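A.B. asks: One structure, as structure tokens, below. Some questions next.
4 protein chains.
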Amino acid sequence: MNLADSRERHEGPPRGRPRSEAVERSIIEGAVKLLEDGVPLADISIERLARTAGVGKATIYRRWSGKEELFVDVMRATEPPDAELPGTSMRDDLIALLEPLRRRGLASRSSALLHNVYAQIKTSPKIWAAYQATVIEPRRRTTFEVLRRGQRDGELRDDVDIEVINDLFVGPMLVRAVMRPEAELPEDLAEQIVDAVLTGLRPPGR
Amino acid sequence: MNLADSRERHEGPPRGRPRSEAVERSIIEGAVKLLEDGVPLADISIERLARTAGVGKATIYRRWSGKEELFVDVMRATEPPDAELPGTSMRDDLIALLEPLRRRGLASRSSALLHNVYAQIKTSPKIWAAYQATVIEPRRRTTFEVLRRGQRDGELRDDVDIEVINDLFVGPMLVRAVMRPEAELPEDLAEQIVDAVLTGLRPPGR
Amino acid sequence: MNLADSRERHEGPPRGRPRSEAVERSIIEGAVKLLEDGVPLADISIERLARTAGVGKATIYRRWSGKEELFVDVMRATEPPDAELPGTSMRDDLIALLEPLRRRGLASRSSALLHNVYAQIKTSPKIWAAYQATVIEPRRRTTFEVLRRGQRDGELRDDVDIEVINDLFVGPMLVRAVMRPEAELPEDLAEQIVDAVLTGLRPPGR
Amino acid sequence: MNLADSRERHEGPPRGRPRSEAVERSIIEGAVKLLEDGVPLADISIERLARTAGVGKATIYRRWSGKEELFVDVMRATEPPDAELPGTSMRDDLIALLEPLRRRGLASRSSALLHNVYAQIKTSPKIWAAYQATVIEPRRRTTFEVLRRGQRDGELRDDVDIEVINDLFVGPMLVRAVMRPEAELPEDLAEQIVDAVLTGLRPPGR
DNA sequence: CTATAAACGAGACGGTACGTCGTGTCTTTCC
DNA sequence: GGAAAGACACGACGTACCGTCTCGTTTATAG
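Printed below as a string of structure tokens:
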């Protein structure tokens, strides 16, 4: 990301000493380490990050313009790899897509990241937009494809707005992770949600 | 709330000059004013709040122990009054309960509060718990009652966990407000969601 | 001095917590201590001064606008008390006035102050002016009075510009202290200078 | 000077690309230019010097070990050529030696150099010693020779320490340049001083 | 003509200090 | 004893230089 990176503006071969990738890694890893150790996000200052990574402050500011921007890359570094779709049916694909969201709420590592960093990132519209564009949107797009395929194959009604459909599946899972992260999530939650939404909540035979 | 309030500990008649309610109001109103004016939450310091309200810093700390705690009261001050339930059917009651959530995403005033302050509050577990207990939980309880009544009256299946059911209705609305607050929300969104969840997304006749 | 002090601008009784004199003293004393310990002036940062005095940086900046201004007060704190004039003759008074200048070059304490701080102060015209006005000028004035009295009493020619006369006495002493501070100064240097300048350097009988 | 020059240590013919004299010149000239433009010495960083001269920082550090050392060469580059002695008499030679000091206080260019750089150089004992040895001492030696010749020729008393005599002539001129550089210096100041010191300040006939 | 080696412009790097701001507490005076 | 004012120790902010260190490139001598 490195929105602050001004090198990209120039043409021609890069001049001067190149930026160290090792340094970049050690900063991100230092941040992840601190979060894993339970340090509150508010207590993670650029100053402390620099100390932890054994790095000068300027080296951080050379790459990111501030804490929010840096943490977009931190988030990205901890994103689970994209789920593999079984492809057996739309139902199974949806479950596979929701499952990682459920897991997030469990692992203390990801939990800290999701519930604190996520909140922090939201406070800056620009950063939030960047995070959405590079992390959330791709997944959304994948889900949409699965849903449209489902409509084509007759597994899904096609008289409801696809965006609403998406929210009907994703929303219930996310509302738990965001609003009640401390609550336990049953292992088959993804299955429960997908099936209930497909079948409907009206009692059978009405 | 006023966790910092130390008066409650003492017995007997209050001594000395009583606290001015006007001061209390002007602090909260000052905070709301700043938020409405689009000042980023990060730029609202206790120092600035005191200046804005024409009040000493100590006067603020005498009432709240910090920014998060203060903003719980600010949030409460802007909460819409509880929705009135028509009582005609579970479906109508659910729509009435979801409708305020939809409106939140529209008014710029509430939008700022929800998407920034909300995020900020989440960073402090203690404060988040307090907010949940006094603001969110009561509504949740109301919703649960409506759902249970629906089960009793045969409007709702009773073989699905009531908590999951709750999320199936609330989640889709919230995921929009939280993840894509800038998107337009169709006026009949609450209706769409409730009906779709009740009916199910499987194509009719399958 | 406290050029940075903005309180003086306001009328009426001072409001809020008054500035602590003890803090003021401990800052100046800390600076003097560091200089006495041989710490190079260039190594005395505001940051270090604050650490040494156990004081916040803002507390220093509240009183002085920077290092130069602060060191004017440090210099003033170490100025020797004004010499007492015997009054027996112009010659004796002049010697009494020059003697403290000679001593300056000896004591390691004052030496450090004179030869480093002095140089530092000179780099800022504004500060140098303030130092001259409050420290140097008063002594100059005293010397001028002594010289004029000498002219009245017939101890001194009155056909030479009094400013030049002043320099003839003060210059030789100062040139040693400033240009060759490491050289030893004979104990009767003040006497030697005054007598030589009075008598003239032409061989007797020419 | 080039104390940092490490090439001299090696034997044999120099290998690799030789140092560019043009670069050396452009650095010094850049420094002189900045000083003439009234840039405060404190604002002239190595970084800025490199930018101004269009030169890499390492190129500067390859030649000088720091700012003070560099400015010794800058000072040397602006030293007026040694005064030519008329040789007609000790009095005339002394006046010729003092005259350049008087002129220094006038020209804004040299003024900036003398009163700021000079002060800066003094803060580093090592550099100050180097400056004294290569610039000041030679002049001092010349003055001493003139004075001794004067003693031999009967123009000067020989019962006063020659170092004190030197200070009696040089001090009055220098005290003006150093302590009151802003004051106007009468054109015949050198003459006034030399004659007054030779004749003495006692009224004639006492 | 190639190889070697140092100089060079550029700029990254770990640091330190800058001067400002906000934190939560403390100390005044006035009410 | 409440309240406004503002001092206080602390520590983070983002910037500027420090002196050192790679980079790719240039310019000399040696073979």
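In order, the protein sequence lines correspond to chains A, B, C and D. At position 187 of the first sequence the residue is numbered 187 (the working numbering), and the sequence of numbers has no breaks. At position 170 of the second sequence the residue is numbered 376 (the working numbering), and the sequence of numbers has no breaks. At position 20 of the third sequence the residue is numbered 432 (the working numbering), and the sequence of numbers has no breaks. At position 47 of the fourth sequence the residue is numbered 665 (the working numbering), and the sequence of numbers has no breaks. Every residue, glycine too, gets a C-beta built ideally from N, C-alpha and C. Just so it is clear, the structure is predicted and the values come from calculations on it, not from any experiment.
#1: Can you give me the C-alpha to C-alpha distance between Pro-631/D and Arg-637/D, rounded to a whole angstrom?
#2: Which first and last residues belong to the alpha helix (DSSP H) in which Asp-82/A is found?
#3: Where does Arg-437/C land, buried or exposed, given buried means 16+ other C-beta within 10 angstroms?
#4: So which of Leu-189/A, Thr-88/A, Asp-161/A has the shortest CA-CA distance to Asp-153/A?
#5: Where does Arg-386/B fall in DSSP's three states?
#6: Using the Cα positions of Val-352/B and Pro-100/A, report the straight-line distance between them to the nearest angstrom.
#7: For Val-606/C, I'd like the list of residues in its chain whose CB is within less than 8 Å of its CB, leaving aside the five on either flank, ordered along the chain.
#8: Do you know offhand how far Gly-356/B's Cα is from Met-379/B's?
#9: Any heavy atom of the ligand GDP closer than 7 Å to the CB of Pro-804/D?
#10: Kindly list the residues whose CB is nearer than 7 Å to the CB of Ile-664/D, restricted to its own chain and excluding five residues on each side of it in sequence; keep chain order.
#11: Is the shortest distance between the beta-carbon of Met-296/B and the beta-carbons of chain A less than 8 Å?
#12: Please tell me whether Leu-803/D has its Cβ less than 8 Å away from any Cβ of chain C.
#13: Among the residues of its own chain, which have a CB less than 6 Å from the CB of Glu-567/C, if the five just before and after it don't count?
#14: May I ask you to report which of helix, strand or coil DSSP gives Ser-520/C?
#15: With a CB to CB cut of under 7 Å and the five nearest residues on each side skipped, what residues in its chain are close to Ile-234/B?
#16: Can you find the residues in the same chain that come closer than 7 Å, C-beta to C-beta, to Gly-648/D, ignoring five residues on each side of it along the sequence?
#17: Confirm, please, whether the CB-CB distance from Val-403/B to Val-178/A is below 8 Å.
#18: Indicate whether at least one CB of chain A lies closer than 8 Å to the CB of Pro-378/B.
#19: Answer yes or no: does any C-beta atom of chain D fall closer than 8 Å to that of Gln-604/C?
#20: State the Cα-Cα distance for the pair Leu-613/C and Val-782/D, rounded to the nearest angstrom.
#21: Name the chain B residues whose beta carbon is nearer than 7 Å to that of Arg-176/A?
#22: For Arg-363/B, return the contacting residues in chain A, with the cut-off set at a CB-CB distance below 8 Å.
#23: Please look up how many angstroms separate the CB atoms of Val-587/C and Val-793/D, rounded, as I've assumed it's under 8 Å.
#24: Answer yes or no: do Val-467/C and Val-444/C have a C-beta to C-beta separation smaller than 8 Å?
#25: Does Trp-128/A come out as helix, strand or coil in the three-state DSSP assignment?
#26: Quick check on Leu-715/D - is its C-beta less than 8 Å from some C-beta in chain C?
#27: Look at Arg-766/D and Ile-780/D and say whether their C-beta atoms are less than 8 Å apart.
#28: Out of curiosity, what's the CA-to-CA distance linking Ala-339/B and Ile-333/B?
#29: Taking its Cβ as the centre, do 16 or more other Cβ atoms sit within 10 Å of Ala-808/D, making it buried, or is it exposed?
#30: Give the single residue among Pro-493/C, Asp-600/C, Leu-453/C, Val-572/C whose Cα lies nearest to the Cα of Leu-482/C.
#31: Beta carbon of Arg-363/B, beta carbon of Pro-186/A: below 8 Å?
#32: Evaluate Gly-205/A with the Cβ neighbour count: other Cβ atoms within 10 Å of its Cβ, from every protein chain shown; 16 or more gives buried, anything less gives exposed.
#33: Whole alpha helix (DSSP H) runs in the stretch 440-518 of chain C with 4 or more residues, listed along the chain?
#34: Quick one: grab the DSSP three-state call for Leu-353/B.
C.D. replies: According to the data block:
#1: Along the fourth sequence, one-based indexing puts residue 631/D at 13. Along the fourth sequence, one-based indexing puts residue 637/D at 19. For Pro-631/D and Arg-637/D, the distance between alpha carbons rounds to 14 Å.
#2: Mapped onto the first sequence, residue 82/A falls at position 82. Annotation for Asp-82/A: no alpha helix (DSSP H) segment contains it, and DSSP assigns it neither H nor E.
#3: Numbered from 1 along the third sequence, position 25 holds the residue referred to as residue 437/C. The residue in question, Arg-437/C, is exposed, as its Cβ has fewer than 16 Cβ neighbours within 10 Å.
#4: Position 153 of the first sequence, counted from the first residue, corresponds to residue 153/A. Looking at the Cα atoms, Thr-88/A is the closest of the given residues.
#5: Within the second sequence, numbered from 1, the residue matching residue 386/B stands at position 180. Arg-386/B falls in the coil class under three-state DSSP.
#6: As a position in the second sequence, residue 352/B is number 146, starting the count at 1. As a position in the first sequence, residue 100/A is number 100, starting the count at 1. Taking the straight line from one Cα to the other gives about 31 Å.
#7: Within the third sequence, the letter at position 194 stands for residue 606/C. Same-chain partners within the cutoff: Arg-503, Leu-506, Ile-507, Leu-510, Phe-581.
#8: Taking the second sequence and counting its residues from 1, one reaches residue 356/B at position 150. Taking the second sequence and counting its residues from 1, one reaches residue 379/B at position 173. Near 20 Å, if we compare the C-alpha coordinates of Met-379/B and Gly-356/B.
#9: Annotation note on the ligand GDP: not contained in the displayed structure, which lists no ligands.
#10: To locate residue 664/D, count along the fourth sequence from 1; it is residue 46. For Ile-664/D, where only same-chain residues beyond five positions count, the Cβ hits under 7 Å are Lys-675, Ile-678, Lys-685.
#11: For the purposes of this step, residue 296/B is taken as residue 90 along the second sequence, with counting starting at 1. No, Met-296/B does not count as interfacial toward chain A.
#12: Position 185 of the fourth sequence, counting from 1, holds the residue named residue 803/D. Chain C has no Cβ within less than 8 Å of the Cβ of Leu-803/D.
#13: Start at 1 with the first residue of the third sequence, and residue 567/C comes out as number 155. Closer than 6 Å at Cβ, skipping near neighbours: Met-502.
#14: Sequence index remark: in the third sequence, residue 520/C carries index 108 (1-based). At Ser-520/C the pLDDT is 48, less than 50, meaning the model places this residue with poor confidence and gives no usable figure here.
#15: Locating residue 234/B in the second sequence gives position 28, where the first residue counts as 1. Around Ile-234/B: Asp-279, Val-280, Ala-283.
#16: Translated into the one-based positions of the fourth sequence, residue 648/D becomes position 30. If we look at Gly-648/D and ignore the five residues flanking it on each side, its Cβ neighbours are Leu-667, Thr-670, Ala-671.
#17: As a position in the first sequence, residue 178/A is number 178, starting the count at 1. As a position in the second sequence, residue 403/B is number 197, starting the count at 1. Going by C-beta atoms, Val-178/A is not nearer than 8 Å to Val-403/B.
#18: Against the second sequence, residue 378/B aligns to sequence position 172. By this cut-off, Pro-378/B is an interface position.
#19: Reading the third sequence from its first residue, position 192 is the one you call residue 604/C. Yes - at least one Cβ of chain D is within 8 Å of the one on Gln-604/C.
#20: For the purposes of this step, residue 613/C is identified with residue 201 of the third sequence, where counting begins at 1. For the purposes of this step, residue 782/D is identified with residue 164 of the fourth sequence, where counting begins at 1. Their backbone Cα atoms lie some 11 Å apart in a straight line.
#21: In the first sequence, residue 176/A corresponds to position 176, counting from 1. Listed by position along chain B, the residues whose Cβ is nearer than 7 Å to that of Arg-176/A are Asp-373.
#22: Numbered from 1 along the second sequence, position 157 holds the residue referred to as residue 363/B. Counting only Cβ-Cβ distances below 8 Å, Arg-363/B has contacts in chain A at Leu-201, Arg-202, Pro-203, Pro-204, in chain order.
#23: Against the third sequence, residue 587/C aligns to sequence position 175. Against the fourth sequence, residue 793/D aligns to sequence position 175. Correct: roughly 7 Å between the Cβ atoms.
#24: By one-based count along the third sequence, residue 467/C stands at place 55. By one-based count along the third sequence, residue 444/C stands at place 32. No, the Cβ-Cβ distance between Val-467/C and Val-444/C is not below 8 Å.
#25: Position 128 of the first sequence, counted from the start, is the residue given in the question as residue 128/A. Residue state, collapsed to three classes: helix.
#26: Here residue 715/D corresponds to residue number 97 of the fourth sequence, with the count starting at 1. Closer than 8 Å: no.
#27: Position 148 of the fourth sequence, counting from 1, holds the residue named residue 766/D. Position 162 of the fourth sequence, counting from 1, holds the residue named residue 780/D. Yes, the pair counts as a contact, with Cβ atoms nearer than the cut-off.
#28: Sequence index remark: in the second sequence, residue 339/B carries index 133 (1-based). Sequence index remark: in the second sequence, residue 333/B carries index 127 (1-based). Whole-angstrom Cα-Cα distance: 10 Å.
#29: Locating residue 808/D in the fourth sequence gives position 190, where the first residue counts as 1. So Ala-808/D counts as buried.
#30: On the third sequence, residue 482/C is found 70 positions in, with the first residue counted as 1. Closest option to Leu-482/C, Cα to Cα, is Leu-453/C.
#31: Taking the first residue of the second sequence as 1, we reach residue 363/B at position 157. Taking the first residue of the first sequence as 1, we reach residue 186/A at position 186. Cβ atoms of Arg-363/B and Pro-186/A: not closer than 8 Å.
#32: Taking the first residue of the first sequence as 1, we reach residue 205/A at position 205. Its Cβ having fewer than 16 others within 10 Å, Gly-205/A is exposed.
#33: 458-465, 469-473, 479-490, 502-516
#34: For the purposes of this step, residue 353/B is taken as the residue at position 147 of the second sequence. Of the three classes helix, strand and coil, the one that applies to Leu-353/B here is helix, per DSSP.
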